[in-house]
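Asks:
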Amino acid sequence: MMVDTQPEENYSLSISDLMAGLLSIFILTLVYYMLNFSQATAQLTQSDAIRADMLESLERELKNRGIEVRVDAQHGVLRLPEGILFDLGKADLRESGLKVIRVLGPVLYEVLNRKEYKQQVETVFIEGHTDNLPVHSGRFPSNWELSAQRAINTWNSLLGTEPRLASLRNSRGEPLFSCSGYADTRPIRPNDTPEGRQENRRIDLRFSLAPPRRGQGSEKALGQVLMRGYTQGQVKD
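Our numbering applies: residue 14 is where the sequence shown begins, and numbers increase by one.
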């Protein structure tokens with residue numbers, strides 16, 4: 014008696030085709046994520062370079078106008094020492110601080126509005142920082158209120174000097190500038206010496222660049238590979 018083995022062979026071939034198709038999809042999916050990861054890494058590296066170049070431009074333009082600032086390119090920070098801007102324990106800008114702001118405002122607008130930087134920046138945080146000494150003022154219950162008010166006053170002074178700063182937008186059409194206060198929670202020096210406390214009393218302008226976008230290049234490449242695999246019978250229905 015003869016036994017028909019054809020159905021078993023067809024079943025075996027179907028399993029093999031299915032496994033080959035699943036393996037192809039897995040490999041293509043892995044390639045897709047590798048492409049996206051590589052693209053995101055490249056964009057982050059490019060963003061860091063753009064931000065460092067922008068901070069160098071700001072530092073150079075301010076120095077050419079007689080204003081010395083500190084730049085932390087790694088963290089995207091332009092630093093204004095408190096001694097220039099405010100009296101100890103106060104949030105109103107002193108005259109020397111107003112002079113700095115009158116120069117800083119137009120320079121900020123000029124640099125941020127340049128073609129190579131425009132819409133690259135997501136947010137500019139104006140950050141107020143204090144030392145760890147308690148506030149002895151009825152106006153401010155703690156260093157939190159003091160640091161936040163200093164940031165707000167700095168922004169208002171910048172805006173009064175250069176109103177066009179309010180028109181700057183990120184890639185989503187949102188205003189660039191925001192204010193925040195950190196009290197003594199983010200010191201850059203130990204608070205155990207007068208010199209350290211003086212450096213911790215500061216205004217930081219922190220530049221945050223737009224996050225990497227999901228590029229269409231890798232998605233298009235994946236689609237082409239999938240279609241090619243499909244038409245060649247590598248990926249089956």
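All C-beta atoms, glycine included, are put in the ideal place defined by N, C-alpha and C.
1) Verify whether the separation of the beta carbon atoms of residue 137 and residue 190 is less than 7 Å.
2) Classify residue 55: buried if its beta carbon has 16 or more other beta carbons within 10 angstroms, exposed otherwise.
3) Determine the direct distance from the alpha carbon of residue 39 to that of residue 29, and round the result to whole angstroms.
4) Which residue or residues does DSSP assign as beta-bridge partners of residue 217?
5) Only counting runs of 4 or more residues, tell me where the alpha helix (DSSP H) segments fall wholly within the segment 164-227, in order along the chain.
6) Alpha carbon to alpha carbon, what distance is there between residue 147 and residue 117?
7) May I have the straight-line CA-CA distance separating residue 170 from residue 69, to the nearest angstrom?
8) Taking the C-alpha atoms as reference points, what is the distance between residue 215 and residue 185?
9) Excluding five sequence neighbours on each side, which residues of the same chain lie with their C-beta closer than 7 Å to the C-beta of residue 27?
10) Answer with buried or exposed for residue 202, where buried requires no fewer than 16 other C-beta atoms within 10 angstroms of its C-beta.
11) Does DSSP classify residue 61 as helix, strand or coil?
12) At the level of alpha carbons, what is the spacing between residue 8 and residue 130?
13) Could you have a look at residue 113 and say whether DSSP puts it in helix, strand or coil?
14) Let's see if you can read the secondary structure: which residues bound the beta strand (DSSP E) around residue 83?
Replies: Considering the structure as presented:
1) Yes, they are a contact pair.
2) Interpretation of residue 55 is limited by its pLDDT of 49, a score under 50 that renders its predicted location unreliable; the figure taken from the coordinates is listed afterwards. Its Cβ having fewer than 16 others within 10 Å, residue 55 is exposed.
3) 15 Å
4) Residue pairing for residue 217: DSSP places it in a beta bridge opposite 92, 140.
5) 207-213
6) Using only the alpha carbons, I get a separation of about 30 Å.
7) Going from the Cα of residue 170 to the Cα of residue 69 covers about 23 Å.
8) 30 Å
9) none
10) Looking at its Cβ environment, which holds fewer than 16 other Cβ atoms inside 10 Å, residue 202 is exposed.
11) helix
12) Coverage of the chain is limited to positions 14 through 250, which leaves residue 8 absent and any answer about it impossible.
13) helix
14) Element bounds for residue 83: 83-85.
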